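Following: one structure in structure tokens, then a few remarks.
Protein chains: 2
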Amino acid sequence: MTRRPPLPIPPRTEARPPARRITMETVGRMAGVSQVTVSRALSDPSKVSPETLTRIQEAIAATGFVPNALAGALASKKSMLISALVPSITNIVYSGMLATFSAELRARGYQILLSETGFDREDEAATVEAHLSRRPDAMLLTGVHHADRTRRMLLGAGVPVVEVWDITDTPIDLCVGFSHPEAGRAMADYARARGYRRAAFITAGDERALRRGAAFAERFAQAGGEGPVPIRGDAPASLAGGRALTAALIDAGFGSEADKAVIAASSDVLAQGALIELAARGIAVPGRVAVMGFGDQEMAAALSPTLTTVRVNRDALGRAAAQALLTRIGGAAPDRQVIDVGFALVERESA
Amino acid sequence: MTRRPPLPIPPRTEARPPARRITMETVGRMAGVSQVTVSRALSDPSKVSPETLTRIQEAIAATGFVPNALAGALASKKSMLISALVPSITNIVYSGMLATFSAELRARGYQILLSETGFDREDEAATVEAHLSRRPDAMLLTGVHHADRTRRMLLGAGVPVVEVWDITDTPIDLCVGFSHPEAGRAMADYARARGYRRAAFITAGDERALRRGAAFAERFAQAGGEGPVPIRGDAPASLAGGRALTAALIDAGFGSEADKAVIAASSDVLAQGALIELAARGIAVPGRVAVMGFGDQEMAAALSPTLTTVRVNRDALGRAAAQALLTRIGGAAPDRQVIDVGFALVERESA
DNA sequence: TTGTATGCGTTATCAA
DNA sequence: TTGATAACGCATACAA
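Here the protein sequences come in this chain order: A and B. In terms of our numbering, the first sequence opens at residue 1 and continues consecutively. In terms of our numbering, the second sequence opens at residue 1001 and continues consecutively.
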């Protein structure tokens, strides 16, 4: 049952009216002052007499003048632009952080130049270059592993940079995030503490997820779990992927013995896929196979069983990143170059 | 169980190296040519002799020169910037569309200036003004209802505009979307065709959702359903909201009789909340109460029962919007000012 | 193929 | 309080 357009509307024949070019010069003439005075009226009204100010404001209203921020940025060397590079904007973990980040900055008059970079370093380098050409006042990058060229460009440009969603001792400039290996180990420790003897890690293909997986597997074995811990990868994270990876595990015999077994996932979405597949097969969770997620999305607490997962405070992360950049832009050295926002293991029913 | 930062890293003491100012002039001197030649080498290498080109490229590599797009835009009156205004980037329906939209445009060399506008018209007007100051080559707006001032600014600026995610006969410029009342009526028709006699509509607070709800209620009654159809609102859409609205309906006696009853939701998220609440109360779906969603998110096909919903092709929408703008930027009149991408009712288990 | 001159619309500096 | 003038870094038109 699909609705389609009823009647195509004929294209407008007349061309759009040519854009009038209104500048501060135009406004100034109308108000009987020079261009500079208009500039001042806009940037610091207190420097202009009340009467002139009124005339200028009237002229602006009458003409619909909108200042040209390109020219302003060129002259002042401040673009009031912040560029943000994230792997994916459809992934709530990034878009959630971004929403807070940009709200925080917009409140200070900045605008956001956004690009998706995927998970490829060379793509990222090209995007960084494109963004730098806009002379942003600061830049947000996701992750701490970049192409050499990216590092060089950024250092050369001298632009404040915050790397988020991971942590390192050697940031390009600033860093706000958490340790992925630590998160993986925390999941392993939790699993062992709950008595799970066998484990598997299902993961998306990105590098941070893989590091969590590797740390999980290593720690789980060290902590006395039965190894080896299979790591099954798929990219990117999707419900279907979670189902498929889980199906493959079960088909391979995972969880078939009376062992207590747990599937750890690199994201809540994959974990939800696992829950769905297990439910479809009539496998009890956590009785027969337990499941752990990562991210603590809204649905985690609503699924049945509710999902044990790792919470990362996306709001705090976005806010801290914004604040760090603002401090740096203000010329001050932030009190900390590297901020670890940590994470929390949220215990629910699934594991 | 929360991990916190182990050791705060001491702030870097030395100031960052001052940014060297490298321009085409600098590069030109190093390569033994003038500034214009560098400009040409970058914009159209075929206009420069191979040897000069090589020297220029070496100079660029040596200096790490990155062209200043602000200056370029000012001089050429083309910013290669497209601004996009969406109510929320954390909502998959908008971020999904945006991902396609920006991928399409990035491939043509454009960058995306993004802002969240919420659902307030005055906020939107302020954001539009801020964006216009960057002199974008085109703009994407969500919805077709805007403040008068927004319309005036946009018309005055003469910038190509595409309004998406809704449809109108009187677009500012271009329009790509679908009819929300039609979608609401399609849901009502489906519900009646399946024999549901009572209905309720649970909805987020935004205007488009409310219009779907109103159209649903009206049509459901017209088509012989038992009225009145309660419309329960909450903003914004969330699982918890869906549960709460559903709980309120059930508590008010909805679905208590042996009538065939259906809850229609303004989004899949609300619908999922409804499913969760109904499951928690042991109410059979669709046996006792049916549920319909809107949006066809990935989870819709994975829920249990799978969710009957309305699919809007976000990719197609984003792509069509990008194409329409590109055509307009190219100076040609698009063959259609208004493009209805339609929608499709996806029949699954929940209704 | 390359260069000179000019302008894009601001902000910053200095004078008045 | 206001104005004249010079950048800002590039693209465009025109010359050579």
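Glycine included, every Cβ here is placed at the ideal spot set by N, Cα and C. These numbers were taken from a predicted model, which means no experiment stands behind them.
{"query": "According to DSSP, is V48(A) part of a helix, a strand, or is it coil?", "result": "coil"}
{"query": "For L1070(B) and chain A, any beta-carbon pair shorter than 7 Å?", "result": "yes"}
{"query": "In chain order, what residues of the same chain lie with their CB nearer than 6 Å to the CB of G179(A), ignoring the 5 residues before and after it?", "result": "Checking the sequence shown, residue 179(A) turns out to be Ser, not Gly. Taken in chain order, the residues that qualify are I167."}
{"query": "Rounded to the nearest angstrom, what separates P10(A) and G143(A) at their Cα positions?", "result": "The predicted model places P10(A) with a pLDDT of 35, which falls under 50 and marks its position as unreliable; any figure quoted below should be read in that light. For P10(A) and G143(A), the distance between alpha carbons rounds to 49 Å."}
{"query": "Any idea if G225(A) is buried or exposed, counting beta-carbon neighbours within 10 angstroms, 16 or more meaning buried?", "result": "buried"}
{"query": "Rounded to whole angstroms, what is the Cα-Cα separation between H1145(B) and Q1272(B)?", "result": "29 Å"}
{"query": "Check whether the Cβ of L1007(B) lies closer than 7 Å to any Cβ atom in chain A.", "result": "In this predicted model, L1007(B) has a pLDDT of only 34, less than 50, meaning its place in the structure is not dependable; the value taken from the coordinates is given anyway. By this cut-off, L1007(B) is not an interface position."}
{"query": "Taking the alpha helix (DSSP H) that A130(A) falls in, what are its first and last residues?", "result": "121–132"}
{"query": "Any beta carbon of chain B sitting closer than 7 Å to that of T170(A)?", "result": "no"}
{"query": "Please report the straight-line C-alpha distance between V1128(B) and V66(A), rounded to a whole angstrom.", "result": "11 Å"}
{"query": "Taking the alpha-carbon positions, what's the R1314(B) to M1097(B) distance?", "result": "5 Å"}
{"query": "For a test of the three-state rule: what should DSSP assign to D340(A), helix, strand or coil?", "result": "strand"}
{"query": "In the DSSP assignment, find the beta strand (DSSP E) that holds V262(A) and state where it starts and stops.", "result": "261–265"}
{"query": "To which residues of the same chain is A1130(B) closer than 8 Å at the C-beta, ignoring the five residues directly before and after it?", "result": "S1115"}
{"query": "Determine the burial state of T90(A): buried for a count of at least 16 other Cβ atoms within 10 Å of its Cβ, exposed for fewer.", "result": "buried"}
{"query": "In the segment 273–285 of chain A, which residues sit with their C-beta less than 9 Å from some C-beta in chain B, listed in chain order?", "result": "G273, I276, A279, A280"}
{"query": "Does the beta carbon of P1045(B) sit closer than 7 Å to a beta carbon anywhere in chain A?", "result": "no"}
{"query": "Please give the ranges of any alpha helix (DSSP H) in the segment 1144–1205 of chain B, keeping only runs that are unbroken, at least 4 residues long and fully inside the region.", "result": "1148–1157, 1180–1193"}
{"query": "Closer than 6 Å by C-beta to E1277(B): which residues in its own chain qualify, once you throw out the five before and the five after it? Chain order, please.", "result": "R1243, T1246, A1247"}
{"query": "In this structure, how does DSSP classify S1043(B) when only helix, strand and coil are distinguished?", "result": "helix"}
{"query": "Flag I263(A) as yes if its beta-carbon sits less than 7 Å from any beta-carbon of chain B, otherwise no.", "result": "no"}
{"query": "For I82(A), which beta-bridge partners are listed by DSSP?", "result": "I112(A), A138(A)"}
{"query": "Please state if the CB of L307(A) and the CB of S266(A) are separated by a distance shorter than 7 Å.", "result": "no"}
{"query": "Which residues bound the beta strand (DSSP E) around T1100(B)?", "result": "From DSSP, T1100(B) is part of no beta strand (DSSP E) but of the alpha helix (DSSP H) over 1092–1106."}
{"query": "Which partner residues does R232(A) have in the DSSP bridge list?", "result": "I202(A)"}
{"query": "Can you tell me whether DSSP reads A290(A) as helix, strand or coil?", "result": "strand"}
{"query": "Any idea what DSSP makes of E226(A), helix, strand or coil?", "result": "strand"}
{"query": "Are at least three pairs of beta-carbons, each pair with one atom in the segment 1205–1212 of chain B and one in the segment 1274–1292 of chain B, less than 8 Å apart?", "result": "no"}
{"query": "Could you give the distance in angstroms between the alpha-carbon of T1117(B) and the alpha-carbon of Y1094(B)?", "result": "12 Å"}
{"query": "Please list the terminal residues of the continuous beta strand (DSSP E) segment that includes R357(A).", "result": "Outside the displayed range of chain A (1 to 351) lies residue 357(A), so it cannot be described from this structure."}
{"query": "To the nearest angstrom, how far is it from the Cα of R149(A) to the Cα of V161(A)?", "result": "15 Å"}
{"query": "How do the segment 1317–1331 of chain B and the segment 1282–1299 of chain B stand: do at least 3 beta-carbon pairs fall below 8 Å, yes or no?", "result": "no"}
{"query": "Below 7 Å between beta carbons: does that hold for I1263(B) and A1223(B)?", "result": "no"}
{"query": "If contact means a Cβ-Cβ distance below 8 Å, which residues of the segment 1089–1114 of chain B contact chain A?", "result": "I1089, T1090, I1092, S1095, G1096, L1098, A1099, S1102, A1103, R1106, Q1111, I1112, L1113, L1114"}
{"query": "Just the C-alpha distance for G195(A) and K260(A), rounded to the nearest angstrom, thanks.", "result": "7 Å"}
{"query": "Pull up the distance between the alpha-carbon of A41(A) and that of P1228(B), whole angstroms please.", "result": "57 Å"}
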